[in-house]
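**Student:**
In structure tokens, the structure reads:
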């Protein structure tokens with residue numbers, strides 16, 4: 280019995296007793312069941328298993344603490360109205376915001392942060408990690424960490440651009456369809472149906488092999504694939520707004536379509552659209568990574584997380600986690616965005632407890 | 002009246018708090034209430050007086066965001082504030098029932114009426130399904146619903162609003178409760194339908210000797226229904242007295258002001274005789290939604306500075322006429338003339354100036370004002386759009402308009418509609434119409450969603466504006482009290498046709514068209530015996546048919 284094991288159990292049991300004393304029911308149940316599970320894990324897995332639990336708990340606590348601090352920070356620096364909203368954000372949402380913030384910093388300041396160039400060969404293939412190369416080298420001897428940082432810029436940047444374009448097209452079409460109605464609405468609706476009926480990956484592969492794989496084509500194709508979904512949502516949301524009396528009043532005043540959309544309809548449909556933006560961003564991001572993995576997305580030597588997974592995939596047979604690092608970067612961003620989106624959806628749906 | 006009736010419900014010093022802006026605020030400040038078996042108590046007051054909250058508290062229930070913070074509610078010897086929720090649930094529906102304002106929203110549209118009716122008796126094991134259904138049919142018959150044997154097997158959308166409200170009253174009776182709480186059961190109905198429901202409710206309460214709390218803001222209605230009336234204001238009791246005494250001799254000033262609301266009346270104006278053209282002239286218009294014809298040969302004139310009230314029950318084509326005038330629904334035949342010149346049928350073909358001249362004020366101020374736009378922009382937009390005002394001139398104009406509708410400019414200038422009360426929103430709606438400097442305004446049921454005191458304020462404001470600015474009003478309403486107070490001329494519509502029209506005084510003196518007569522006699526009066534007398538006159542059995550005329 281090492282000091283660590285004794286301390287581990289003493290801490291858990293002490294904390295459970297405290298929770299029970301202050302009648303924090305849920306906390307007590309959590310802590311005490313963790314104690315009981317640790318008994319079994321300690322017997323089966325020995326000290327390393329307990330270390331594992333401790334590290335996990337530590338990471339969780341760190342993430343929680345960071346999220347809390349980040350939220351307080353945002354509340355303080357934000358102006359009064361947004362600050363009031365931010366105060367209602369759950370920890371998961373502020374964790375999401377923190378991660379997005381980190382990615383944004385990494386993307387914007389990539390050349391400053393990365394120790395080596397994007398395509399610079401600095402070592403032998405698959406060289407192990409050392410103090411200069413934090414995550415080792417890839418199959419050509421390029422620094423993995425540097426490529427990861429540059430990848431944030433490329434992959435996230437393109438996803439953002441494609442999503443924005445998809446939103447611009449989809450939202451404008453949806454708003455016009457809802458406002459104009461009639462045959463115009465029908466026409467746009469059927470076009471959207473046609474695009475949505477083609478499987479998106481196959482459509483992307485087809486278009487990329489016709490037009491060649493350059494960045495502009497990728498962005499436009501992805502925007503076309505995702506615009507119909509935005510169109511449908513916008514049209515549905517705007518459809519509920521268009522029937523309001525204030526729209527009728529504006530129409531009777533003789534206002535043009537553009538004014539109606541900009542001043543009367545859009546401000547009343549932003550909440551669901553912002554939430555949808557977050558969701559679509561994740562899908563677009565995954566599609567780009569998927570295309571890169573298939574070799575049709577962003578072309579080498581440009582760093583991109585999807586293709587980095589593919590290029591290093593062979594390493595997985597040797598028990599190395601290197602190919603999983605860019606994959607984890609993708610997963611973390613997706614989870615983070617969804618945390619934020621969940622919060623926004625919760626707010627816009629009015630499900631306030 | 003029996004000399005000693007046992008007490009059924011005793012509420013003592015009831016305090017209820019509501020949660021707003023992250024703190025609890027007391028909204029009901031210590032109400033006492035005693036209700037005997039078989040007695041009907043009327044609770045009246047304007048919105049926000051706490052009527053519904055007290056009604057629900059009588060069932061030991063507090064809405065989300067509310068809590069009962071003090072006092073006691075004793076129902077038949079049982080203290081409801083301390084009874085566990087599971088026991089309360091057993092009580093509700095079986096011994097205490099609740100009838101909500103909108104039956105259409107309270108019935109589940111996916112189930113047949115009778116299945117919803119029998120749910121409670123079967124659940125509480127009071128009756129088996131078959132006997133519960135037979136009982137339901139018997140209740141339907143007593144409430145004079147047509148086809149009592151079959152109507153229950155329809156879905157809620159297949160019966161009319163008045164029938165649904167009666168079916169809901171029948172449902173409340175399903176377990177023969179000791180107490181029923183009626184929360185504005187007739188507010189959403191028009192006068193002719195209201196009579197049927199009122200008569201039905203009164204009969205059934207008498208027959209089963211049920212106690213009832215009747216919540217409403219309509220004094221004339223409560224006068225028909227209640228034995229005792231309690232007046233509430235902002236969570237406090239103003240006074241309580243037996244109905245007859247309360248009507249004849251109200252003690253408190255607030256009660257008197259409520260009574261006085263219906264007395265607002267202004268002098269009737271005459272049509273100009275010097276041959277000036279009417280501002281708006283509706284000439285023989287027909288209109289239809291798809292294949293359904295909704296208007297047939299409608300004609301009337303509106304002269305400058307005068308108010309023409311268009312009355313009729315729902316579905317009579319009042320609002321459709323307004324849509325034709327504004328050009329939202331181009332008429333299939335006939336034409337609309339504006340100061341002698343024919344207007345294009347579709348609003349999209351009208352000039353900016355033609356659009357400016359005719360403005361509209363809507364029934365629901367909630368949906369008529371964009372919730373995301375500041376008041377200054379809502380009012381300022383028409384002034385900028387039509388008048389081309391900018392900068393300081395625009396700000397001055399908005400301030401002037403806010404002054405005109407009696408709202409303080411500095412306070413309201415940069416607020417958003419959801420921050421305002423119903424009456425204030427309606428005033429903003431009026432200001433928006435005025436900002437265009439129109440010669441003609443359509444008021445579509447502008448007061449029907451408001452309390453009487455607030456509605457009175459709006460009517461007075463509209464009247465003042467008419468005198469100062471000489472605007473012509475087309476006043477769409479189903480409330481004849483409003484017509485009596487503000488109209489110069491009346492157009493009575495039924496099923497898309499004009500059945501009678503003329504100056505107000507003529508319209509309110511016999512002889513009437515039979516339909517006008519029905520409408521007029523259906524308006525509740527402040528006489529406790531009004532309903533009884535009316536039903537006797539019409540013959541109790543044909544109340545239902547009378548409305549079908």
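Chains as they are written, first to last, in the numbering used here: chain A, 280 to 632; chain B, 2 to 550.
Note that beta-carbon positions come from the ideal geometry of N, C-alpha and C, so glycine has one too.
List the residues of chain B that residue 533 of chain A touches, going by C-beta distances under 7 Å, in chain order.
**Tutor:** Simply 353 and 356.
**Student:** Report the residues of the stretch 411-434 of chain A with a CB closer than 9 Å to any CB of chain B, ordered along the chain.
**Tutor:** Hits within the stretch: zero.
**Student:** Using 8 Å as the Cβ pair cut-off and three pairs as the minimum, do the stretch 559-576 of chain A and the stretch 585-595 of chain A touch?
**Tutor:** Touching, yes.
**Student:** Count the CB pairs spanning the stretch 480-489 of chain B and the stretch 276-292 of chain B that are closer than 8 Å, and state whether there are at least three.
**Tutor:** Counting Cβ pairs under 8 Å, fewer than three are found: no touch.
**Student:** Please name the residue in A:616, A:506 and A:463 whose C-alpha comes closest to that of residue 374 of chain A.
**Tutor:** Looking at the Cα atoms, A:616 is the closest of the given residues.
**Student:** Compile a chain-ordered list of the residues in the stretch 378-398 of chain B whose CB is closer than 7 Å to at least one CB of chain A.
**Tutor:** If the cut-off is 7 Å between Cβ atoms, the stretch 378-398 of chain B has 383 and 386 near chain A.
**Student:** Within 8 Å of any Cβ in chain B, is that where the Cβ of residue 543 of chain A sits?
**Tutor:** So, interface residue.
**Student:** Which stretch, first to last residue, makes up the beta strand (DSSP E) that contains residue 67 of chain B?
**Tutor:** Looking at the DSSP string, the run of the beta strand (DSSP E) that includes residue 67 of chain B is 67-76.
**Student:** Against chain A, which members of the stretch 469-492 of chain B pass a CB distance test of less than 8 Å?
**Tutor:** If the cut-off is 8 Å between Cβ atoms, the stretch 469-492 of chain B has nothing near chain A.
**Student:** Using a Cβ-Cβ cutoff of less than 7 Å, which residues in the same chain neighbour residue 545 of chain B once the five nearest sequence positions on both sides are dropped?
**Tutor:** Because residue 545 of chain B sits at a pLDDT of 44, beneath the cut-off of 50, its placement in the model cannot be relied upon, and the following sentence gives the value as read from the coordinates. Cβ within range, chain order: 145, 147 and 197.
**Student:** What does a CB cutoff of less than 8 Å around residue 326 of chain A pick up in its chain, not counting 5 residues either side in sequence?
**Tutor:** Around residue 326 of chain A: 281, 283 and 284.
**Student:** When you compare the stretch 434-446 of chain A with the stretch 408-426 of chain A, are there three or more beta-carbon pairs, one atom per stretch, that lie closer than 8 Å?
**Tutor:** Too few Cβ pairs lie closer than 8 Å, so no.
**Student:** For residue 384 of chain B and residue 436 of chain B, I'd like the C-alpha separation in whole angstroms.
**Tutor:** If I take the Cα positions, the gap works out to 5 Å.
**Student:** Is there a Cβ of chain A sitting closer than 8 Å to that of residue 372 of chain B, yes or no?
**Tutor:** So, interface residue.
**Student:** By alpha-carbon positions, which one of B:296, B:330 and B:310 ends up nearest to residue 317 of chain B?
**Tutor:** Of B:296, B:330 and B:310, the residue nearest in Cα terms is B:296.
**Student:** Enumerate in chain order the residues of its own chain whose CB-to-CB distance from residue 525 of chain B is below 6 Å, with the five nearest sequence positions on each side excluded.
**Tutor:** Same-chain partners within the cutoff: 221 and 222.
**Student:** Beta carbons nearer than 7 Å to chain A: which residues of the stretch 96-117 of chain B have them?
**Tutor:** So the list is empty, because no residue satisfies the distance condition.
**Student:** Which of the three DSSP states is assigned to residue 507 of chain B in this structure?
**Tutor:** The answer is helix: DSSP assigns residue 507 of chain B an H, G or I state.
**Student:** Give the DSSP-derived three-state secondary structure of residue 363 of chain B in the structure shown.
**Tutor:** Reduced to three states, the DSSP call for residue 363 of chain B is coil.
**Student:** Rounded to whole angstroms, what's the CA-CA distance from residue 604 of chain A to residue 468 of chain A? Just pull it up for me.
**Tutor:** The straight-line gap from Cα to Cα measures roughly 41 Å.
**Student:** Tell whether a beta-carbon distance below 8 Å holds between residue 567 of chain A and residue 576 of chain A.
**Tutor:** Against a cut-off of 8 Å, the Cβ pair of residue 576 of chain A and residue 567 of chain A comes out as a contact.
**Student:** Return the Cβ separation of residue 95 of chain B and residue 178 of chain B in integer angstroms, given the expectation that the two are a contact with Cβ distance under 8 Å.
**Tutor:** Right, their Cβ atoms sit about 7 Å apart.
**Student:** Here's the rule I'm using: 16 or more other beta-carbon atoms within 10 Å means buried, otherwise exposed. How should residue 208 of chain B be labelled?
**Tutor:** Burial call: exposed.
**Student:** What's the C-alpha gap between residue 395 of chain A and residue 376 of chain A?
**Tutor:** Near 28 Å, if we compare the C-alpha coordinates of residue 376 of chain A and residue 395 of chain A.
**Student:** Contact defined as beta carbons within less than 8 Å: I believe residue 415 of chain B pairs with residue 377 of chain B. What is the distance between those atoms, to the nearest angstrom?
**Tutor:** About 6 Å separates the two Cβ atoms, so the contact holds.
**Student:** Helix, strand or coil, according to DSSP, for residue 522 of chain A in the structure here?
**Tutor:** Coil, per DSSP.
**Student:** Using beta carbons (cut-off 8 Å, strictly below), is residue 493 of chain A in contact with chain B?
**Tutor:** No - not a single Cβ of chain B is within 8 Å of the one on residue 493 of chain A.
**Student:** Cutting at 7 Å between CB atoms, please list the residues of its own chain near residue 8 of chain B, excluding the five before and the five after it.
**Tutor:** If we look at residue 8 of chain B and ignore the five residues flanking it on each side, its Cβ neighbours are 35 and 37.
**Student:** Which chain A residues sit within Cβ distance under 8 Å of residue 368 of chain B?
**Tutor:** Here the neighbours are 523, 524 and 525.
**Student:** At 4 residues or longer, and completely inside the stretch 72-106 of chain B: list those alpha helix (DSSP H) runs for me, N to C.
**Tutor:** 86-92, all fully within the stretch 72-106 of chain B.
**Student:** Which parts of the stretch 368-434 of chain A are runs of the alpha helix (DSSP H), unbroken and 4 residues or longer, counting only runs that do not cross its ends?
**Tutor:** Counting only runs of 4 or more, we get 370-387, 389-392 and 423-430.
**Student:** What beta strand (DSSP E) runs, 3 residues minimum, are completely inside the stretch 405-487 of chain B?
**Tutor:** Qualifying beta strand (DSSP E) stretches, in chain order: 441-445 and 473-478.
**Student:** Whose Cβ in chain A lies nearer than 7 Å to the Cβ of residue 322 of chain B?
**Tutor:** Per Cβ cutoff of 7 Å: no residues; residue 322 of chain B is ~15 Å from chain A at best.
**Student:** Round the Cβ separation of residue 225 of chain B and residue 199 of chain B to the nearest angstrom and send it over; I've been treating them as touching at under 8 Å.
**Tutor:** Between residue 199 of chain B and residue 225 of chain B the Cβ distance is about 6 Å, and since that is below 8 Å, they are a contact.
**Student:** Determine which residues of the stretch 544-571 of chain A have a Cβ less than 7 Å from any Cβ of chain B, and write them out in chain order.
**Tutor:** Those would be 546 and 547, in chain order.
**Student:** Measure from the alpha carbon of residue 251 of chain B to the alpha carbon of each residue in B:14, B:232 and B:522, then state which is nearest.
**Tutor:** Residue B:232 is the option with its Cα nearest to residue 251 of chain B.
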